[in-house]
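Numbering (the numbering used here), first residue to last: 189 to 955.
Glycine residues also receive a C-beta, built at the ideal position from the N, C-alpha and C atoms.
Quick caveat, the model's predicted, so the values are computed rather than measured.
A quick write-up on the structure given underneath.
In structure tokens, the structure reads:
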């Protein structure tokens with residue numbers, strides 16, 4: 189019964205052990221589905237299931253009929269045009285990261301957006317090239333098709349190398365799409381949970397550093413080979429600076445000028461975004477201006493700058509992936525598939541929360557997988573979503589993926605009709621545009637100090653991920669980062685937080701005794717909490733912390749007591765001890781014996797329970813013992829283990845826990861376990877955890893139930909009046925007087941014990 193009294197409440201109920209609670213309240217026996225039951229349900233077919241699966245596979249069928257044409261179409265058109273122009277420029281720029289001719293970046297910006305329009309569930313992300321993925325694909329390309337080391341840079345050789353690189357990029361993209369599609373079909377959308385936000389942040393920041401370094405050769409126009417191996421970034425920088433005197437000044441000046449303009453205008457867009465109707469399309473303006481200057485000033489002939497060159501009009505015929513490339517790029521493709529999905533899903537999740545609509549992780553995998561398969565077939569490279577491009581689509585008023593299909597239409601126009609206008613554009617301008625989109629990623633360095641203050645584990649994950657990805661490369665760095673992150677999870681669970689609790693505020697609330705001043709600790713009672721699952725890796729740590737909390741090792745105490753009993757038996761046999769009403773009195777000068785002599789080759793007996801049945805007197809270990817016999821003092825009589833935060837206990841830990849509890853029981857310390865979750869007791873029974881020493885009656889619903897049971901038990905044991913009252917409790921309600929007996933600091937109070945030993949569990953006077 190709960191009675192509200194102002195902002196207080198009073199609860200009156202019996203002190204419940206788990207057994208008593210189950211006896212009083214009938215528990216329903218529920219049927220728990222087996223693995224085969226779940227399998228049957230998953231593969232069960234019905235008209236409703238088929239309809240739901242079809243709608244899930246083609247989300248466009250759900251949202252397109254509900255499209256608010258009059259309200260949304262204008263916003264989607266404006267957003268689509270802006271996003272399409274950015275997609276064109278980013279496609280050309282990010283193709284440089286893949287080490288393929290810029291025109292192939294347009295295919296990567298077109299086909300995935302077209303596929304995502306049909307299969308995707310997010311309404312606001314812009315699908316297409318992403319610098320991190322482009323760099324990862326470029327790493328595989330350089331590894332399989334390195335630069336011409338012989339220096340034979342004829343147009344024929346360059347064309348052949350470009351063809352090979354395009355084929356490698358397309359094959360890697362195709363295979364990553366296959367992996368994404370399989371993961372989506374197998375419902376592995378949850379895989380993204382293994383990439384924490386700090387890991388993604390550190391990884392993308394490292395990728396931004398790689399992008400910066402990879403674009404230096406275009407900004408300086410230097411023949412720098414690719415180094416796709418551990419510490420490749422150091423070799424690249426060494427190559428750049430060893431040739432720094434060969435820099436093309438025209439390209440360098442153009443790059444720095446474009447980079448400065450882009451950064452300044454983007455900063456203005458961020459600062460005045462509330463006042464601007466639409467962000468200033470600085471990339472478009474700079475590109476048009478740079479192309480015009482390059483064409484009319486004939487920079488290629490006069491200064492030898494590198495330009496985009498001829499862009500093929502129209503589409504090339506789809507090609508099958510190269511089987512030889514697929515065999516060599518399985519690891520690259522898996523990394524690309526996971527990173528591409530993780531980044532895209534993270535961005536999609538942000539917009540779905542902001543605009544209140546659901547997204548499906550498994551369907552997103554299918555959409556990106558199909559997009560990469562189609563894109564790879566048409567010689568594009570891997571796609572995800574660029575943060576800046578998605579920001580343009582959302583900030584310019586995009587409502588649905590209609591904006592995405594319009595942006596794809598803009599790319600289509602460039603591919604089919606006006607691509608030739610970009611032929612005189614300098615590659616250094618594209619490199620600067622690629623770097624101009626990295627501001628958000630590079631600013632993630634600020635997160636390090638924030639993470640250090642909030643969670644040091646996350647901060648370490650960020651730093652390790654960043655260093656591993658920068659020094660070892662993006663593929664090996666990602667694997668290293670994931671392994672390290674999982675290691676931190678093991679470390680956290682292997683070294684759980686353990687604390688000694690005390691009663692706070694004289695109520696039913698128990699907290700860490702170090703955190704409060706108004707605490708009450710029942711005399712002779714230790715309350716110990718472990719805030720973690722207990723399993724094979726941390727059970728020894730749990731035992732050590734428990735031993736530290738109680739102040740003694742129970743096994744050592746047990747062995748000392750058994751050795752003392754051996755010595756007492758021997759002294760009684762030799763007449764060196766005499767039994768008197770006052771206890772044992774030593775009658776002879778004691779001769780000390782070594783522990784080895786006392787063990788007498790029976791060491792295993794020291795771990796058994798103490799047995800005093802053959803002695804003429806019961807030994808009180810807390811009293812004075814005969815001279816020469818010393819046993820560690822034990823000042824507690826009860827231990828309460830708070831298992832409310834223990835989510836599971838494996839079999840290996842269960843055996844050691846049982847052994848530890850027995851050691852305490854054998855030195856006359858009562859053990860109680862409180863707050864164990866549903867099914868915990870059943871699992872222990874199935875595993876034969878209980879025996880004559882460890883019994884299920886030690887389990888209580890709450891810490892307070894266990895503490896009240898201990899206090900009442902000690903009072904009954906020490907007071908004949910209470911013992912008599914307990915015998916009558918089954919038939920009457922009565923008042924009993926609880927004396928102050930030194931067990932705890934409480935005044936003499938009158939406490940009503942209703943039928944069944946019910947007491948007020950929150951208002952018992954603990955003073």
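> When you compare only the Cα positions, how much space is there between residue 426 and residue 440?
Replying inline: One-based indexing of the chain shown puts residue 426 at position 238. One-based indexing of the chain shown puts residue 440 at position 252. Cα-Cα distance, rounded: 18 Å.
> With a Cβ-Cβ cutoff of 9 Å, do residue 438 and residue 376 count as a contact?
Replying inline: For the purposes of this step, residue 438 is identified with residue 250 of the chain shown, where counting begins at 1. For the purposes of this step, residue 376 is identified with residue 188 of the chain shown, where counting begins at 1. No, the Cβ-Cβ distance between residue 438 and residue 376 is not below 9 Å.
> How many angstroms separate the CA atom of residue 882 from the CA atom of residue 854?
Replying inline: Walking along the chain shown from the start, residue 882 turns up at place 694. Walking along the chain shown from the start, residue 854 turns up at place 666. So the two alpha carbons sit approximately 10 Å from each other.
>> Less than 8 Å between C-beta atoms, sequence neighbours within five positions excluded: which residues of the same chain meet that for residue 502?
In response: Taking the chain shown and counting its residues from 1, one reaches residue 502 at position 314. The residues are 603 and 604.
> Across which residues does DSSP place residue 714 in a beta bridge pair?
Replying inline: Taking the chain shown and counting its residues from 1, one reaches residue 714 at position 526. Bridge partners of residue 714: 827.
>> With H, G and I counted as helix, E and B as strand and the rest as coil, what does DSSP make of residue 202?
In response: Taking the chain shown and counting its residues from 1, one reaches residue 202 at position 14. Of the three classes helix, strand and coil, the one that applies to residue 202 here is strand, per DSSP.
> Exposed or buried, which one is residue 224 when buried takes at least 16 other CB atoms within 10 Å?
Replying inline: Taking the first residue of the chain shown as position 1, residue 224 is located at position 36. Looking at its Cβ environment, which holds fewer than 16 other Cβ atoms inside 10 Å, residue 224 is exposed.
> For residue 629, does the count of other Cβ atoms within 10 angstroms reach 16, so buried, or fall short, so exposed?
Replying inline: Within the chain shown, numbered from 1, the residue matching residue 629 stands at position 441. Classification for residue 629: buried.
>> What residue range does the beta strand (DSSP E) around residue 692 cover?
In response: In the chain shown, counting from the first residue as 1, residue 692 sits at position 504. Segment 686–692, the beta strand (DSSP E) holding residue 692.
>> Between the region 654–666 and the region 681–689, can you find at least three pairs of beta-carbon atoms closer than 8 Å?
In response: no
>> Helix, strand or coil for residue 573? Go by DSSP, reduced to three states.
In response: Working through the chain shown from its first residue, we reach residue 573 at position 385. In the structure shown, residue 573 sits in a strand (DSSP, three-state: E or B).
>> Taking the beta strand (DSSP E) that residue 700 belongs to, which residues open and close that run?
In response: Taking the first residue of the chain shown as position 1, residue 700 is located at position 512. Where residue 700 is concerned, the enclosing beta strand (DSSP E) stretches over 697–700.
> Counting Cβ pairs closer than 8 Å, one from the region 616–624 and one from the region 444–457, do we hit at least three?
Replying inline: yes
>> Taking the straight line between their C-alpha atoms, what separation do you get for residue 308 and residue 574?
In response: The sequence position of residue 308 within the chain shown is 120, counting from 1. The sequence position of residue 574 within the chain shown is 386, counting from 1. Going from the Cα of residue 308 to the Cα of residue 574 covers about 16 Å.
> Per DSSP, residue 722 forms a beta bridge with which residues?
Replying inline: Here residue 722 is taken as the residue at index 534 of the chain shown, counted from 1. In the DSSP output, where bridge partners are listed per residue, residue 722 has 837.
> Does DSSP classify residue 439 as helix, strand or coil?
Replying inline: What you label residue 439 is simply residue 251 of the chain shown in a count that begins at 1. Residue 439: helix per DSSP, three-state reduction.
> Taking the alpha-carbon positions, what's the residue 489 to residue 333 distance?
Replying inline: As a position in the chain shown, residue 489 is number 301, starting the count at 1. As a position in the chain shown, residue 333 is number 145, starting the count at 1. Whole-angstrom Cα-Cα distance: 29 Å.
> Leaving out the 5 sequence neighbours to the left and right, which residues in its chain are closer than 8 Å to residue 864 when beta-carbon positions are compared?
Replying inline: In the chain shown, residue 864 corresponds to position 676, counting from 1. Excluding positions up to five away in sequence, the list reads 206, 831, 832, 834 and 887.
> From residue 197 to residue 695, what distance separates their C-alpha atoms?
Replying inline: Taking the first residue of the chain shown as position 1, residue 197 is located at position 9. Taking the first residue of the chain shown as position 1, residue 695 is located at position 507. Each residue's Cα considered, the two are about 11 Å apart.
>> Suppose you measure from the CA of residue 407 to the CA of residue 577; what does that come to, to the nearest Å?
In response: For the purposes of this step, residue 407 is taken as residue 219 along the chain shown, with counting starting at 1. For the purposes of this step, residue 577 is taken as residue 389 along the chain shown, with counting starting at 1. If I take the Cα positions, the gap works out to 23 Å.
>> Going by DSSP in three states, residue 295 sits in which element: helix, strand or coil?
In response: The sequence position of residue 295 within the chain shown is 107, counting from 1. DSSP places residue 295 in helix when its eight states are reduced to three.
>> I need the DSSP call for residue 585, collapsed to helix, strand or coil.
In response: As a working note, residue 585 is residue 397 in the chain shown. Residue 585 falls in the coil class under three-state DSSP.
>> Please report the straight-line C-alpha distance between residue 386 and residue 433, rounded to a whole angstrom.
In response: If you number the chain shown from 1, residue 386 lands on position 198. If you number the chain shown from 1, residue 433 lands on position 245. So the alpha carbons of these two residues sit roughly 40 Å apart.
> According to the neighbour-count rule (16 or more other Cβ atoms, all chains shown, within 10 Å of its Cβ), is residue 150 buried or exposed?
Replying inline: Outside the shown range of the chain (189 to 955) lies residue 150, about which nothing can therefore be said.
> From residue 786 to residue 794, what distance separates their C-alpha atoms?
Replying inline: Along the chain shown, one-based indexing puts residue 786 at 598. Along the chain shown, one-based indexing puts residue 794 at 606. Residue placement at residue 786 is flagged as unreliable, the pLDDT there being 49, under the threshold of 50; a coordinate-derived value is accordingly withheld.
> When you compare only the Cα positions, how much space is there between residue 516 and residue 233?
Replying inline: The count along the chain shown starts at 1 and reaches residue 516 at position 328. The count along the chain shown starts at 1 and reaches residue 233 at position 45. The straight-line gap from Cα to Cα measures roughly 40 Å.
> Using a Cβ-Cβ cut-off of 7 Å (strictly less than) and excluding sequence neighbours within five positions of residue 591, which residues of its own chain qualify?
Replying inline: As a position in the chain shown, residue 591 is number 403, starting the count at 1. Correct list, in chain order: 264, 267, 268, 271 and 581.
>> I need the straight-line Cα distance from residue 390 to residue 446, nearest angstrom please.
In response: What you label residue 390 is simply residue 202 of the chain shown in a count that begins at 1. What you label residue 446 is simply residue 258 of the chain shown in a count that begins at 1. Residue 390 and residue 446: Cα-Cα distance of roughly 27 Å.
>> Please classify residue 429 as buried or exposed, where buried requires at least 16 other C-beta atoms within 10 Å of its C-beta.
In response: Residue numbering aside, residue 429 sits at position 241 when the chain shown is read from its first letter. It counts as exposed.
> How is the beta strand (DSSP E) around residue 186 delimited, first residue to last?
Replying inline: The structure shown has nothing for residue 186, since the chain only spans 189 to 955.
> Which class does residue 446 belong to by DSSP, given the choice of helix, strand or coil?
Replying inline: Indexing the chain shown from 1 puts residue 446 at position 258. Note: residue 446 maps to helix in three-state DSSP.
>> Suppose contacts are defined by Cβ-Cβ distances below 9 Å. Is residue 388 in contact with residue 530 by that definition?
In response: As a position in the chain shown, residue 388 is number 200, starting the count at 1. As a position in the chain shown, residue 530 is number 342, starting the count at 1. A contact, by the Cβ cut-off of 9 Å.
> Is the CB of residue 661 under 9 Å away from at least one CB in chain B?
Replying inline: Here there is only one protein chain, and chain B is not present.
> Nearest to residue 579 by alpha carbon, out of 313, 292, 291 and 775?
Replying inline: To locate residue 579, count along the chain shown from 1; it is residue 391. Here the closest residue by C-alpha is 313.
> So, is residue 382 buried or exposed, given that buried needs 16 or more other C-beta atoms within 10 angstroms?
Replying inline: Here residue 382 refers to the residue found at position 194 when the chain shown is read from its first residue. Result: exposed.
> Once you ignore the five residues that flank residue 745 on each side, which residues in its own chain have a CB closer than 8 Å to its CB?
Replying inline: On the chain shown, position 557 is the one that residue 745 refers to. Around residue 745: 819, 820, 822 and 855.
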